[in-house]
Structures are given as C-alpha cells and as structure tokens.
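Asks: One structure follows; several queries about it will come next.
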Amino acid sequence: MRVCSDLRAGDSNRHVKVKQKSAVLNMLKKLDKIRFRGHKRDEFLDLAESPNASDTECGDEIPVKIPRTSARDNEELRDPAGPGTIIMASGVQDFNRTESDRLNEIKGHLEIALLEKHFLQEELRKLREETNAEMLRQELEKERQRRLELEQKVNEVLKARTEEVPAAQQPAKPQTQANGTDKRSHTVCSRLQKWFCDKFGEYVEDFRFQPEENTVETEEPLSARRLTENMRRLKRGAKPVTNFVKNLSALSDWYSIYTSAIAFIIYMNAVWHGWAIPMFLFLAILRLSLNYLIARGWRIQWSIVPEVSEPMEPPKEDLTVSEKFQLVLDVAQKAQNLFGKMADILEKIKNLFMWVQPEITQKLYITLWAAFIASCFLPYRIIGLAMGLYAGIKFFLIDFIFKRCPRLRAKYDTPYIIWTSLPTDPQLKERSNATVSRRLQTAASRSYVGSSAPTGISKDEDTSRFHTTKRGNFHEVFNLSENERPLAVCENGWRCCLINRDRKMPTDYIRNGVLYVTENYLCFESSKSGSSKRNKVIKLTDITDIQKYKVLSVLPGSGMGIAVSTPSTQKPLVFGAMVHRDEAFETIFNQYVKITSASSSSES
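Residue numbering for the sequence shown follows this note's numbering, starting at 1 and increasing by one per position.
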C-alpha cells in the first residue's frame, strides 16, 4: 500500500510540473512575438521616471494567465490525509518560487516593450516634424486639384472649338464666298501688322516709359598727381576758346591792319546784302575743313595773333610735402579767383533785372520796349540790317576808339558804364554798412557839437575823436594826439601777432592783437588785458626798412608776415599770421613812402 501511495504521489507531482511548464512556455511564446529593436535595457529610464507611463503600464497588477489545475489535481492537493502530503507541499512551494521568478521576468520584458513603444513614438514624431510630410501631402493634393481644374478648362476649350468648326462649315455657297473674303482680309491685316512690327517694333519699344535709375557717381580720392593732370587737361581744353577770344580782340584792336580792314569790308558787305548768316555758316565750314587737314598732318596756322608754344613740364612722379602743399594752394587760389569772377558776373546780371539800381534797369526797360515796338511795325530785314550795321561799327570802330581813349569810354560807352556801375552783393553790403556808420557818426557829432564841442574845430578833427577801439578812444589807448586816427583801409585793423625777437621771455616774445596804420604811426594793440605798456607804437619816419617776411621757412609760399626795422631794436619786429598780409604791406609801404617824401621835400 505504501508503494502504491508513493507511486500515486509521484504521478501527481509530475502532473503538476508538466502543467506548470506548459503554462510558462505559452506565456513566453506570447512574449517572444514582441520584437524589440531598441537599445539595451540598462540604457532606458525606469518606468516610474517615464513621462508617458500610466498607472496601468507601471503597476504591478499585470494580468497573467495562471495555469488551471483539474478537479482531480485539486482533490489530490486538498487531500491532507493522502500518503504523499509532504512531497506535494514541497512541490507546491517549488512551483510558487519558479512562478514568481517567471512573473518578474515577464514584467521586465513588458517594461522593455513599453519603453520601446514610447521611444519609437518620439522618433516618429521628430521625423514628421523634420520632413513635414503632412504639409507636403497637402501641397501635393492642392497641385493635383489645380492640374485637374486646368485639364477640365482645356477640355472645355477644345470642345467649344470643335463645336464652332462644323457650325462654320454648314452655311451655303454665298456665305462661303463671304467667309473667303473675310479670311483674305484677315490674312492681309495680319501680314500688315507683322510687317509693321518687324519694321517699327524696335522704335516703338524705345518710347516705352521706364523708371529712372538713380546712379551715384563715385568720387575719386584727393591725389596731387591727379590734380596736376586735371589742371593740364583743363588748360588744354580751354585753349581753343582762349585763342578764339584772342583773335576777336585782335580784330577789334586792329592788331593786323590789313586783316582787320578786310574783315570789316567783308562783314559790312555781307550785312548790307543780307548774307550775314550764310557768311557765318561758311566760316564754320571752313574752320572744320582746316581742322580736318590739321588732323591729317598738315601744318596750317590760321590765327591773327601768333601762337606761343609754352614749354610742357614733365609730370613729377614723387612730390615732397611742401610741393604738394604749394600745389594745393595754387589750385585753391586759381579756383577762388575763377569762382569770384563768375559770381560777380551772375550777381551783376541778377541785380540788373531785380531793380537794385533803378536808373540802370530803367534804361534796359526802355530799350526793350523800343525793340518790341520796332519788331511789331518794322520788317525783319530792316531790323536785322540795323542790328548788323551797329554791331560791325561798334566792334571794329567804336571799341577801337574807346580802348585808345579811356576818358571817352568812361563818358560815352553806355554798355561799359552800365556794366561797371552794376554792384555785386559784397559791394551792396559794404555800401549799406557805410551808410549806417555815416548816420551814426553824423548823429553822434551833432549831439556832441550841440553839447560841448568848441568852435573852430574842423570836421576831420571831430570825427577822429569818436573813432574807438575795443578798450576806448583810439588816441587815448595809444597816447596820441586827437588828430591821429586809422586810415579808411584799416578802420577795424588787421589781426596779427607781434614777434619781438629782442625779448627772451615767452610772454613778451609773442603777443596777439590788432595792427592799425595812421597818417604818421604804426600802432599795435595787444589783446591781453592790462596796461597800455603792452601796446606798441612805431613812428613811420623812424622805420629804416620794411619788407615781407616768412616766419617759418618750412612752409611753402611767401609767408604771412611783415618785418619792420627801427633804430631802437636790434632785430626787426615781425607782425606775423596776417591773413591780409599783402593789403597791409601795400598800405604801410605807401604811407611810409608818402611820409618820407613829404618830410624830405619839407627839409629841402
């Protein structure tokens, strides 16, 4: 009996183990169906840290199919009085242990599968964002719809044309004849349109309006070499114009008597017979023909005044700093003088038409009215004859006489008088300032004479009393007599600096101030506040030498100073940094010559 019970217990244990193994194998087969292609498990996050893991995904309650035992097995397991109870209990414990291990393994595989799913979803989302597959699909769908719409429109147009062709073929013979004439006219019109476009289409395109292009010219940097080259180019370009003006002035001045006489006779004869315009056109053609021959290598000189060939200086490659500075000064001086002349001409013309000088503009006004009335009533032939004769006589005879006799020109040459009497804007400004100063002086003199002026004082003495400087009356500043006053040229003085090379102290060596010239003295007023000891008064008769002076020999040019030598100084006094040095030198020198000549004549 014991053997039978042992055999039964062993069969039941084996049956339990077989059932256990079959259930676990089924579970493993189901898990093997999950394909894992991701990273290793160690590289993933825990389920608790996973952002997309839910409670069901991370929970421990995982539905696992537990293998069911049969009723017989249950009865055997529940039978406590069976002979194999101890062996069955140990088998159940082993089964529970292996089942827990299997469940933990299954749980790990499920975690890995869930993590794989999560990361695959993230990669798919990134790929969709990068490629924009959905947007591309939408655009592709739109393009497909457009293509379908275009195909439908093309099909409709083709159908309409196919319907029109048989309708045009149905009419009778007279209608076909009319259609033939219409086709011929249509073909003729198309041919004419095509011919017109071929011949004149290019010219029509030229008249098409286009927006203006704003082009900005690039400015070249300042260069001494480029500056000298441009100056020479300007001189060569202006040479024909200057030669033409010289020849005209030579004709008017009768430089060559025979040439001027022949030109006068030909001109007057052409004007008298009405050939003035053909004569000028013939002269232009003759000049062009001569220029053609000169360009071909012929040596022809058709000029009244002989041309003087100026030596061309070769351009220097490297210029020193002083040469460049001197070049810039020369160019600036020429440009200043040229711009000044052009400004004078334009300002005079403006003032002539703006009634600045009413008596001059009135003459022009009357002349224009006379010319207008004459043009309305007289024939143009007589007007042209009168103007041509007047121009010839004025150019060849009247101007010649006026140039030789300046007094006659100043009295009777109306165009010259009008032009010279026209003021420029700086002249108008000077006149207005002069009138204002005269009014102030007259008002002050009247008030002074009415209050405390003694009788017997001349007008010059009265006006000299009231000429003041920045610090007071002129004669009080320099301790001179009341008759001494600055000349009209230097009423406001010339700003300069006095360089006394006999002094060694820097404060006494150079002084800034203003220089005045009176009838008998050369006065320097220091700009520093203090006593009158800093001022300098030099008597013109005491001057032994006066000359232009260059303070710094390094700088180009003739300098901006005046050196004055006196017996009381070992080294000459220098008045430097004078902007109007030439004007001041001429004034001082002329007054010095005048005073010395007057003193020598009085002594003799």
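Built from N, CA and C at the ideal position, the CB exists for glycine as well.
What separation, rounded to the nearest whole angstrom, lies between the Cα atoms of Phe36 and Arg102?
Replies: What you label residue 36 is simply residue 36 of the sequence shown in a count that begins at 1. What you label residue 102 is simply residue 102 of the sequence shown in a count that begins at 1. Residue confidence for Phe36 is low, a pLDDT of 46 falling below 50, so the modelled location carries little weight; the figure read from the coordinates is stated next. The straight-line gap from Cα to Cα measures roughly 19 Å.
Asks: Measure the C-alpha to C-alpha separation of Glu586 and Val271 and round it to an integer number of angstroms.
Replies: Here residue 586 refers to the residue found at position 586 of the sequence shown. Here residue 271 refers to the residue found at position 271 of the sequence shown. Going from the Cα of Glu586 to the Cα of Val271 covers about 51 Å.
Asks: Please identify the residue among Glu111, Glu99, Gly388 and Ile360 whose C-alpha is closest to the C-alpha of Asn269.
Replies: Reading the sequence shown from its first residue, position 269 is the one you call residue 269. It is Gly388 whose Cα lies nearest to the Cα of Asn269.
Asks: Could you name the residues that DSSP lists as bridge partners for Ile510?
Replies: Working through the sequence shown from its first residue, we reach residue 510 at position 510. Bridge partners of Ile510: Ile499.
Asks: Taking three-plus beta-carbon pairs below 8 Å as touching, is the segment 575 to 593 in contact with the segment 539 to 546?
Replies: Short answer: they touch.
Asks: For the candidate residues Ile418, Arg225, His186 and Glu583, whose alpha-carbon lies nearest to that of Val356?
Replies: Position 356 of the sequence shown, counted from the start, is the residue given in the question as residue 356. Answer by Cα proximity: Ile418.
Asks: Does the Cβ of Ala391 have 16 or more other Cβ atoms within 10 Å, making it buried, or fewer, making it exposed?
Replies: Working through the sequence shown from its first residue, we reach residue 391 at position 391. When all chains shown are included, Ala391 counts as exposed.
Asks: Got a sec? Which residues, its chain only, sit under 7 Å from Gly559 by beta carbon, not counting five neighbours each side?
Replies: In the sequence shown, residue 559 corresponds to position 559, counting from 1. Counting only Cβ-Cβ distances below 7 Å, and skipping sequence neighbours, we find Lys548, Tyr549, Lys550 and Val551.
Asks: Name the residue from Ala332, Phe524, Gln570 and Gly493 whose alpha carbon lies nearest to the alpha carbon of Glu583.
Replies: For the purposes of this step, residue 583 is taken as residue 583 along the sequence shown, with counting starting at 1. Nearest of Ala332, Phe524, Gln570 and Gly493 to Glu583, Cα basis: Gly493.
Asks: May I ask which residues mark the beginning and end of the beta strand (DSSP E) holding Ala543?
Replies: Taking the sequence shown and counting its residues from 1, one reaches residue 543 at position 543. Reading off the sequence shown, one finds Ile at residue 543, where the question assumed Ala. First-last for Ile543: undefined, no H or E at that position.
Asks: Classify Ile588: buried if its beta carbon has 16 or more other beta carbons within 10 angstroms, exposed otherwise.
Replies: By 1-based counting over the sequence shown, the position of residue 588 is 588. Answer is buried; the Cβ neighbour count reaches 16.
Asks: For the putative contact between Thr424 and Asp344, defined by C-beta atoms under 8 Å, what is the C-beta separation to the nearest angstrom?
Replies: Numbered from its first residue, the sequence shown carries residue 424 at position 424. Numbered from its first residue, the sequence shown carries residue 344 at position 344. Contact flag correct, Cβ pair sits at about 5 Å.
Asks: With a CB to CB cut of under 6 Å and the five nearest residues on each side skipped, what residues in its chain are close to Ser602?
Replies: As a position in the sequence shown, residue 602 is number 602, starting the count at 1. For Ser602, where only same-chain residues beyond five positions count, there are no Cβ hits under 6 Å.
Asks: Using three-state DSSP, classify Tyr549 as helix, strand or coil.
Replies: Position 549 of the sequence shown, counting from 1, holds the residue named residue 549. The answer is strand: DSSP assigns Tyr549 an E or B state.
Asks: At what residue ranges does the segment 227 to 315 contain a whole run of the beta strand (DSSP E), taking only runs of 3 or more?
Replies: Taking only runs of at least 3 residues, no beta strand (DSSP E) segment lies wholly in the segment 227 to 315.
Asks: So, is Pro211 buried or exposed, given that buried needs 16 or more other C-beta atoms within 10 angstroms?
Replies: Numbered from 1 along the sequence shown, position 211 holds the residue referred to as residue 211. Under this definition Pro211 is an exposed residue.
Asks: Please look up how many angstroms separate the CB atoms of Leu251 and Ile304, rounded, as I've assumed it's under 8 Å.
Replies: Stepping through the sequence shown from its first residue, residue 251 is reached at position 251. Stepping through the sequence shown from its first residue, residue 304 is reached at position 304. Yes, Leu251 and Ile304 are in contact; Cβ-Cβ is about 6 Å, under 8 Å.
Asks: Using the three-state DSSP reduction, which class does Gly108 fall into: helix, strand or coil?
Replies: As a working mapping, residue 108 is identified with position 108 in the sequence shown. Gly108: helix per DSSP, three-state reduction.
Asks: Using DSSP bridges, identify the partner residues of Lys536.
Replies: To locate residue 536, count along the sequence shown from 1; it is residue 536. Looking at the DSSP assignment, Lys536 forms a beta bridge with Phe524.
Asks: Which of the three DSSP states, helix, strand or coil, is assigned to Trp494?
Replies: Within the sequence shown, the letter at position 494 stands for residue 494. Reduced to three states, the DSSP call for Trp494 is strand.
Asks: What's the C-alpha gap between Ile562 and Glu430?
Replies: The residue you call residue 562 lines up with position 562 of the sequence shown. The residue you call residue 430 lines up with position 430 of the sequence shown. Using only the alpha carbons, I get a separation of about 27 Å.
Asks: Looking at C-alpha atoms only, which residue of Ala238, Leu338, Ser249 and Tyr521 is the closest neighbour of Phe400?
Replies: Against the sequence shown, residue 400 aligns to sequence position 400. With distances taken between Cα atoms, Phe400 lies closest to Ser249.
Asks: Under DSSP, the beta strand (DSSP E) around Gly576 begins and ends at which residues?
Replies: Locating residue 576 in the sequence shown gives position 576, counting from the first residue. That run of the beta strand (DSSP E) goes Leu573 to Gly576.
Asks: Using a Cβ distance threshold of 8 Å, determine whether the segment 484 to 500 contacts the segment 516 to 525, with at least three qualifying pairs required.
Replies: The answer is yes - the segment 516 to 525 touches the segment 484 to 500, with three or more Cβ pairs under 8 Å.
Asks: Give the single residue among Tyr255, Lys539 and Phe402 whose Cα lies nearest to the Cα of Thr566.
Replies: Reading the sequence shown from its first residue, position 566 is the one you call residue 566. Checked all of Tyr255, Lys539 and Phe402; the closest Cα to Thr566 is Lys539.
Asks: If you drop the 5 nearest sequence neighbours on each side, which residues of the same chain put their C-beta closer than 8 Å to that of Arg78?
Replies: Here residue 78 is taken as the residue at index 78 of the sequence shown, counted from 1. Residue confidence for Arg78 is low, a pLDDT of 45 falling below 50, so the modelled location carries little weight and cannot support an answer.
Asks: How many angstroms separate the CA atom of Ser100 from the CA atom of Leu115?
Replies: Taking the first residue of the sequence shown as position 1, residue 100 is located at position 100. Taking the first residue of the sequence shown as position 1, residue 115 is located at position 115. Using only the alpha carbons, I get a separation of about 23 Å.
Asks: Here's the rule: buried if 16 or more other CB atoms are within 10 angstroms of the residue's CB, otherwise exposed. What is Pro572?
Replies: Translated into the one-based positions of the sequence shown, residue 572 becomes position 572. Result: buried.
Asks: How should Phe396 be labelled, buried or exposed, when 16 other C-beta atoms within 10 angstroms of its C-beta is the threshold for buried?
Replies: As a working note, residue 396 is residue 396 in the sequence shown. Flag for Phe396 reads buried.
Asks: What are the start and end residues of the beta strand (DSSP E) that includes Ser601?
Replies: Position 601 of the sequence shown, counted from the first residue, corresponds to residue 601. It is not in any beta strand (DSSP E) - Ser601 instead sits in the alpha helix (DSSP H) that spans Arg581 to Glu603.
Asks: Are the CB atoms of Cys497 and Gly576 within a distance shorter than 7 Å?
Replies: Translated into positions along the sequence shown, residue 576 becomes position 576. Translated into positions along the sequence shown, residue 497 becomes position 497. Going by C-beta atoms, Gly576 is nearer than 7 Å to Cys497.
Asks: The beta strand (DSSP E) that contains Val356, what's its start and end?
Replies: Within the sequence shown, residue 356 is the residue found at index 356, counting from 1. Val356 -> no beta strand (DSSP E), and no H or E assigned at all.
Asks: Roughly how many angstroms lie between the CA atoms of Thr259 and Val245, to the nearest whole one?
Replies: Residue 259 sits at position 259 when you count from the first residue of the sequence shown. Residue 245 sits at position 245 when you count from the first residue of the sequence shown. Thr259 and Val245: Cα-Cα distance of roughly 16 Å.
Asks: Ends of the beta strand (DSSP E) at Ala563?
Replies: Position 563 of the sequence shown holds residue 563. Gly561 to Ser565 is the span of the beta strand (DSSP E), which, as asked, contains Ala563.
Asks: Round the Cβ separation of Leu329 and Ala224 to the nearest angstrom and send it over; I've been treating them as touching at under 8 Å.
Replies: As a position in the sequence shown, residue 329 is number 329, starting the count at 1. As a position in the sequence shown, residue 224 is number 224, starting the count at 1. Contact doesn't hold; Cβ gap of about 12 Å is too wide.
Asks: Cutting at 7 Å between CB atoms, please list the residues of its own chain near Trp254, excluding the five before and the five after it.
Replies: Residue numbering aside, residue 254 sits at position 254 when the sequence shown is read from its first letter. Same-chain partners within the cutoff: Ser260 and Phe400.
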